[in-house]
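Be aware that the sequence shown starts at 7, since it is given in this note's numbering, and climbs by one per residue.
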Amino acid sequence: YPAVDDDGYVMIDGGVWANNPIMNALVDALACYDVPRENVRILSIGTGEATFTVDKAARIGGAGHWAFLRAFKAAGRAQSKNALGQAYLLVGKNNVLRIDPPESPTPIDLDDAARALRELPLVARSLVEGSGHQVETIFLCDKAEDFVRCPAV
């Protein structure tokens with residue numbers, strides 16, 4: 007996707023710097039709301055990871071192409087795992103539930119709506135059935151206080 011010019015800044019795909027935005031959300035919540043860390047519960051829903059493969063372009067592209075491709079994928083995974091680990095440290099691992107589809111050797115392309123509509127509902131049902139008890143235990147057992155919007159500044 008092409009970059010977007012926004013008030014003098016060039017914006018690129020958020021996945022480049024926040025492949026897993028759990029820490030962005032957690033830091034914003036802790037900074038903007040007067041809530042103790044131990045009272046925060048996080049449901050983190052991933053999009054799954056692609057099985058690392060080497061396509062024809064990488065095989066014939068030389069060391070530069072191979073190194074960039076491998077480094078970019080490794081950095082994305084590392085960022086996601088690190089963000090999740092930091093969230094565990096800040097609010098406690100028992101307060102974070104990460105639900106992620108299994109790795110796939112053939113991930114769904116972002117613009118393949120037909121395949122997404124065909125396959126994702128089944129994946130979602132499987133994940134819900136497998137994680138429902140954990141979701142209930144972490145998020146649905148206690149009554150939450152009513153949401154109060156922060157006053158406008």
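Each residue gets a CB set at the ideal place from its N, CA and C atoms; glycine is no exception. This one's a predicted model, so the numbers in the text were calculated from it and none came from an experiment.
Using 8 Å as the threshold, is the region 41–59 in touch with the region 89–101, meaning 3 or more CB pairs across them? Yes, the region 41–59 touches the region 89–101.
Work out the CA separation of I105 and S50 for me, nearest whole Å. 6 Å
Would you report the Cα separation of L133 and P107, rounded to the nearest angstrom? Taking the straight line from one Cα to the other gives about 7 Å.
Touching by the beta-carbon criterion (3+ pairs, under 8 Å), the region 77–94 and the region 22–35: yes
Taking its Cβ as the centre, do 16 or more other Cβ atoms sit within 10 Å of L146, making it buried, or is it exposed? Looking at its Cβ environment, which holds fewer than 16 other Cβ atoms inside 10 Å, L146 is exposed.
Which residue comes first and which comes last in the beta strand (DSSP E) that contains D34? D34 -> not in any beta strand (DSSP E); alpha helix (DSSP H) instead, spanning 28–38.
Which residue's Cα is closest to the Cα of T57: I66, A37, D148, R76? Looking at the Cα atoms, R76 is the closest of the given residues.
Kindly indicate which three-state DSSP category L103 falls into: helix, strand or coil? strand
Pairwise C-alpha distance: V41 and E135: Counting only the Cα atoms, V41 lies some 31 Å from E135.
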